[in-house]
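One structure is given here, and the rest of the page talks about it.
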Amino acid sequence: MIYDAVIIGGGVIGLSILRASLLAGHTAILIERNADLCDGASGRNSGVICTGVDAPSGSLERALIRDSISQVREFCLTHNVPMRECGSLVCLWPWDEDEDEKKSDENVDEIASSHARLKHVLQESHIAGDKDASFLSSEAVSKLEPSLSSKCRGAVHIPGEIVVDPWLFPLALATHSRELAKTSGNANDVIHTGREVIMELSSFDKDSGVWNVVTRGKPDNITINARCVINAAGIDSDLVQLGASSGRGDVCTLPAPNFEARPRRGQYLIFTAPKEVNSMMNGNDSSEWPNVPRSIPTRPIQPVPSQFTKGIFVYTTLYNQIVVGPTAQDQSSRTDTTLDTNVAKELASHASRVLGPLFDHYKEVGEYVGIRPGTSKRDYQIHLHHPANFITVGGIRSTGLTANLGISRHVVQCLLPTIIPPPLESFSPSIYLPPTPLPDVKELVQQYHKRGDGKIVVDGHEYKVSHPLTRMGWDARTGVAA
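To get the numbering used here, take the position in the sequence shown, counting from 1, and add 1.
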């Protein structure tokens, strides 16, 4: 069989491209080298879907984030992916002010200075498309989020940001992809894990326009024939393209990548608030979000972003865990996820300042490290190499979960048709297959505990719960898992 596309990488981006390809009527197959899906950056993200205010204006990243955010709500509703449409608060704290700013004019009113910095954030939010973003005074912030420290000098409320389950979202992409393929008459599985693509041994036949992609795994090496290679290998997307550019064939038509991956390490701390902490607050649980105690923040709390990072968030997951992170530290290793005790102390200190006295009663329950696929460039590195029938989707940084639906639409509707003519509409499985929702979270949690091996089965396929936030929430049976 000759597939229209072979997709390298089983993270949220690869799965989203697979689903979009099948929805468009293409034949496609996904190859993931790890034993489980989303076992890299996609299994270590925050679960917060942002609106792109910190992405460079005019960038492909911002455009695809905006396209994606317009699709996220419908996707979550139709696929039964839990979400909390709570928005976020970009808060200004006294310790985040520049030292030069503090010394420039001691007579400048602190409130006026704070308002000026937040005004810039508000303007960028409006430019990015968040027309409903608004400024909040420190008093308004305290009323909206009573669990925060009173030292907040004001905030910008961005209502479009969403908290989702970071593992169930890509799971929905995978289950829908498999059903799309099955309904279109493909008896073979379209997702293969534990199999590594070896581009150095693969070749492209210019006459037929077909790639012979060599994969290594048990029991044997397998060659997959496809008209297009879509490289969604995350942190290794540059290496995959480099291997393909030096691969076999009479004449290599694929250039080496024009970017280099720069692994960026993000560490997180996870806390819970004991039930007795809520009794310290005035009133009962939030009327707006009855499942979220008033003793923990409902909305993601983020600092004013810089040109290099969005900063450290403090937010509550759908399982009522309080998460602090991520950090943003460049490192040379693409795989080192060792926990750093000094970084953990810095994260705890940050949470203490943001949350104030109540933080002393919180209990630390876990931590994890993710490696984001950054590059030396500020924008996504999504490139079509038409003579070689090769598409690279790299440099997605920390916004893969946020932008995946926009990225996949861009790849499948804008880039892929230049290589492969779109299938006839009458053959598109999207016409006759309605979206298939996931089972209810509580049903999945019950199965997870009954099995006891960290996995669940959906539609006959076994999946490992690879994200620590989902896994810990299911273990504790809190929040939406209660």
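Even for Gly, the Cβ is constructed at its ideal location relative to N, Cα and C.
Three-state secondary structure assigned by DSSP to residue i
{"i": "I466", "result": "It is worth fixing the name first, because residue 466 is Val in this sequence and not Ile. Three-state DSSP puts V466 in coil, outside helix and strand."}
{"i": "C229", "result": "strand"}
{"i": "Q322", "result": "coil"}
{"i": "K152", "result": "coil"}
{"i": "M2", "result": "coil"}
{"i": "L270", "result": "strand"}
{"i": "Q332", "result": "coil"}
{"i": "G375", "result": "strand"}
{"i": "K103", "result": "Reliability of the predicted coordinates at K103 is poor, the pLDDT of 48 falling under 50, and the value obtained from them is presented with this limitation in mind. Helix at K103."}
{"i": "V198", "result": "strand"}
{"i": "V82", "result": "coil"}
{"i": "T403", "result": "helix"}
{"i": "P424", "result": "coil"}
{"i": "V296", "result": "One point to set straight first is that residue 296 is Ser, not Val, in the sequence displayed. S296: coil per DSSP, three-state reduction."}
{"i": "A257", "result": "coil"}
{"i": "C39", "result": "coil"}
{"i": "G235", "result": "helix"}
{"i": "P388", "result": "helix"}
{"i": "L439", "result": "coil"}
Distance between residue j and residue i (C-alpha atoms, nearest Å)
{"i": "R123", "j": "G395", "result": "First, the amino acid is wrong: residue 123 is Leu here, not Arg. If you take the alpha carbons of L123 and G395, they lie about 29 Å apart."}
{"i": "G453", "j": "I18", "result": "32 Å"}
{"i": "R265", "j": "A134", "result": "29 Å"}
{"i": "D441", "j": "Q447", "result": "10 Å"}
{"i": "N35", "j": "R217", "result": "12 Å"}
{"i": "V214", "j": "D239", "result": "17 Å"}
{"i": "T52", "j": "G407", "result": "12 Å"}
{"i": "I420", "j": "D206", "result": "14 Å"}
{"i": "E347", "j": "P388", "result": "49 Å"}
{"i": "P469", "j": "S334", "result": "21 Å"}
{"i": "S209", "j": "C229", "result": "12 Å"}
{"i": "D40", "j": "S151", "result": "39 Å"}
{"i": "N283", "j": "S143", "result": "With a pLDDT of only 45 at N283, under 50, the local geometry of the prediction cannot be trusted, and the value read off the model is given with reservation. When rounded, the distance between both Cα atoms is 12 Å."}
{"i": "E180", "j": "A227", "result": "21 Å"}
{"i": "M2", "j": "T224", "result": "11 Å"}
{"i": "S247", "j": "H411", "result": "27 Å"}
{"i": "Y363", "j": "F272", "result": "6 Å"}
{"i": "G12", "j": "A21", "result": "14 Å"}
{"i": "T376", "j": "C77", "result": "30 Å"}
{"i": "G88", "j": "P301", "result": "7 Å"}
{"i": "H121", "j": "V91", "result": "11 Å"}
{"i": "Y316", "j": "G48", "result": "10 Å"}
Terminal residues of the alpha helix (DSSP H) in which residue i lies
{"i": "G59", "result": "G59 -> no alpha helix (DSSP H), and no H or E assigned at all."}
{"i": "Q242", "result": "238 to 246"}
{"i": "F170", "result": "169 to 184"}
{"i": "S204", "result": "It is not in any alpha helix (DSSP H) - S204 instead sits in the beta strand (DSSP E) that spans 204 to 206."}
{"i": "T342", "result": "342 to 356"}
{"i": "I18", "result": "13 to 24"}
Reference residue i; option with closest CA among the options
{"i": "D337", "options": "S307, G371, H384", "result": "G371"}
{"i": "N390", "options": "C415, L255, T310, L90", "result": "L255"}
{"i": "A274", "options": "L119, E365, N35, A29", "result": "E365"}
{"i": "Q330", "options": "Y320, E463, T317, V344", "result": "V344"}
{"i": "K276", "options": "N259, I313, L359", "result": "L359"}
{"i": "H27", "options": "S58, K311, G186, G41", "result": "G186"}
{"i": "S467", "options": "R196, C51, L23, D37", "result": "D37"}
{"i": "P435", "options": "Q268, T176, I223, E98", "result": "T176"}
{"i": "A25", "options": "K456, H462, E33, C415", "result": "C415"}
{"i": "G326", "options": "T339, T342, Q303, Y320", "result": "Q303"}
{"i": "G235", "options": "F136, G10, E463, A182", "result": "G10"}
{"i": "R263", "options": "Q382, R154, I231, I199", "result": "Q382"}
{"i": "S60", "options": "R196, G367, H193, A129", "result": "A129"}
{"i": "I392", "options": "P306, W212, R118, P167", "result": "W212"}
First through last residue of the beta strand (DSSP E) which encompasses residue i
{"i": "N213", "result": "211 to 218"}
{"i": "S89", "result": "89 to 92"}
{"i": "S135", "result": "135 to 137"}
{"i": "I163", "result": "163 to 165"}
For residue i, the residue or residues it bridges with in DSSP
{"i": "L31", "result": "I8, I192"}
{"i": "I383", "result": "V394"}
{"i": "K456", "result": "K465"}
{"i": "V481", "result": "DSSP, once it has assigned bridges, lists no residue as partnering V481."}
{"i": "H158", "result": "L90, S135"}
{"i": "G367", "result": "I271"}
{"i": "V305", "result": "In the DSSP output, where bridge partners are listed per residue, V305 has none listed."}
{"i": "P264", "result": "P374"}
{"i": "F360", "result": "Per DSSP, none; premise fails for F360."}
{"i": "F314", "result": "G326"}
{"i": "V49", "result": "V164"}
{"i": "I501", "result": "The requested residue 501 is not part of the displayed model; the chain covers only 2 to 483."}
{"i": "I223", "result": "T216"}
C-beta neighbour in chain C for residue i, strict 9 Å
{"i": "T419", "result": "Of the protein chains in this structure there is only one, and it is not chain C."}
Closer than 8 Å: residue i CB and nearest the ligand MN heavy atom
{"i": "A29", "result": "Looking at this structure, you won't find the ligand MN or any other ligand, since it has none at all."}
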